[in-house]
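The structure appears below as structure tokens.
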Amino acid sequence: MTVWTKRVVLPADQPAISIKEQLTAWQVPRRIRGNFRMGRRILLNGVYQPTSTRLKPGDVLDMTWLPADFEVADSHYVPDASQPLDVLFENDDLIVVNKRKGVKTHPNSPGEDGTMMNFAQAYLAEQGKSAYMVHRLDGDTTGALIIAKNPYVVPMLNQMLRDKTIKRTYLAWVCGNITATSGTIDAPIGDNPVDSRTRTVNGPNARPAVTYWHKVHTVYQNTLVRLALATGRTHQIRLHMKHLGYPLVGDPLYNPDSNYSDGLLLHAAAIQLPIPFTNDVKSVGAPLPPTFPRNLRK
Numbered sequence: 386m387t388v389w390t391k392r393v394v395l396p397a398d399q400p401a402i403s404i405k406e407q408l409t410a411w412q413v414p415r416r417i418r419g420n421f422r423m424g425r426r427i428l429l430n431g432v433y434q435p436t437s438t439r440l441k442p443g444d445v446l447d448m449t450w451l452p453a454d455f456e457v458a459d460s461h462y463v464p465d466a467s468q469p470l471d472v473l474f475e476n477d478d479l480i481v482v483n484k485r486k487g488v489k490t491h492p493n494s495p496g497e498d499g500t501m502m503n504f505a506q507a508y509l510a511e512q513g514k515s516a517y518m519v520h521r522l523d524g525d526t527t528g529a530l531i532i533a534k535n536p537y538v539v540p541m542l543n544q545m546l547r548d549k550t551i552k553r554t555y556l557a558w559v560c561g562n563i564t565a566t567s568g569t570i571d572a573p574i575g576d577n578p579v580d581s582r583t584r585t586v587n588g589p590n591a592r593p594a595v596t597y598w599h600k601v602h603t604v605y606q607n608t609l610v611r612l613a614l615a616t617g618r619t620h621q622i623r624l625h626m627k628h629l630g631y632p633l634v635g636d637p638l639y640n641p642d643s644n645y646s647d648g649l650l651l652h653a654a655a656i657q658l659p660i661p662f663t664n665d666v667k668s669v670g671a672p673l674p675p676t677f678p679r680n681l682r683k
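Structure representation (structure tokens):
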């Protein structure tokens with residue numbers, strides 16, 4: 386049976402909190418905290434202690450996860466080494482990669498390859514590890530993508546995404562000259578009963594969606610904007626900017642009349658990421674690809 390282990394040496398500025406409080410601060414899910422306690426699978430300095438025990442600098446915590454701790458413990462992506470992985474940041478638990486244009490984040494059927502998760506699986510296999518999906522980017526979107534190396538950090542990272550402690554910044558070219566300098570789009574996103582490929586504002590099953598945007602500059606009749614998300618709905622940036630009246634350049638779904646031949650111009654430019662099991666926050670930037678112009682004159 387596969388098990389996963391993690392050893393953490395607590396830092397010099399470790400606060401005097403309990404084991405339970407530390408696990409909670411690390412975003413370890415409640416169910417797994419309970420499993421640790423009942424299975425005595427968390428050790429303090431080599432010995433099981435009640436989770437009410439206070440921690441101090443230099444203490445060593447050893448944690449063990451079992452497959453039963455996860456809804457999906459195994460990674461079934463087919464390794465594909467046909468394209469190199471552009472790794473922007475890496476530690477023991479995760480990688481941040483620079484996603485290419487036109488490449489899907491994950492396969493849609495068993496045995497499929499040619500996606501970022503397949504490339505990551507091949508890369509991590511050399512370390513004896515596997516790739517686990519944390520979030521996704523649309524096929525034509527480029528930029529920073531987090532991929533986990535084990536199943537135990539996935540729920541932690543997912544909670545960080547829900548809590549907005551992982552902050553993602555995007556760049557996009559939109560059609561039109563935006564005169565305002567910044568703004569907020571607060572428009573629920575739901576299904577499109579006419580076209581299942583797209584979403585619509587206030588459509589069926591709508592969920593809250595908020596996007597913040599800031600104008601960078603305008604070149605001719607196109608504007609470069611910097612965007613941040615308070616929520617993470619499918620096609621949120623693409624739909625919200627269309628709703629504002631400034632659809633993305635080259636967007637085949639929400640701006641089919643765009644005559645830009647190089648496709649959607651949306652780039653996940655940066656991620657600010659709390660590093661699991663530490664007090665550190667890492668900012669990771671993704672260089673612009675050659676397909677993303679700095680000055681759009683078309």
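Each residue of the sequence shown is one higher than the one before, counting from 386 in this note's numbering.
Note that CB positions come from ideal geometry on N, CA and C, so glycine has one too.
The beta carbon of P464 sits closer than 7 angstroms to those of N503, Q506, A507 and A510, all from its chain and outside the five residues before and after it, given in chain order. Take the alpha-carbon of E475 and the one of G630: they are about 39 angstroms apart. A655 sits buried, since 16 or more C-beta atoms from the chains shown fall within 10 Å of its C-beta.
Bridge partners of P414 according to DSSP: none are assigned. For H602, same chain residues with a beta-carbon under 7 angstroms away, outside a window of 5 residues either side, are L609 in chain order. Short of 6 angstroms from the beta carbon of Y537, and not among the five residues preceding or following it, lie these beta carbons of its own chain, in chain order: W389 and W450. Put simply, the backbone Cα of S668 is about 32 angstroms away from that of S646. In the three-state reduction of the DSSP assignment, Q621 falls in the helix class, which pools H, G and I. Counting only runs of 4 or more residues that sit fully inside the region 436-487, no alpha helix (DSSP H) segment turns up.
Taking all protein chains in view, the Cβ of P540 is crowded by 16 or more other Cβ atoms within 10 Å, so the residue is classified as buried. Residue environment: S515 is assigned as buried (16 or more neighbouring CB atoms within 10 Å of its CB, all protein chains considered).
Pairing T436 with K484 gives a Cβ-Cβ distance that is not under 7 angstroms. Counting only residues of its own chain and dropping the five nearest sequence neighbours on each side, F662 has a CB closer than 8 angstroms to the CB of K391, V393, W411 and D478.
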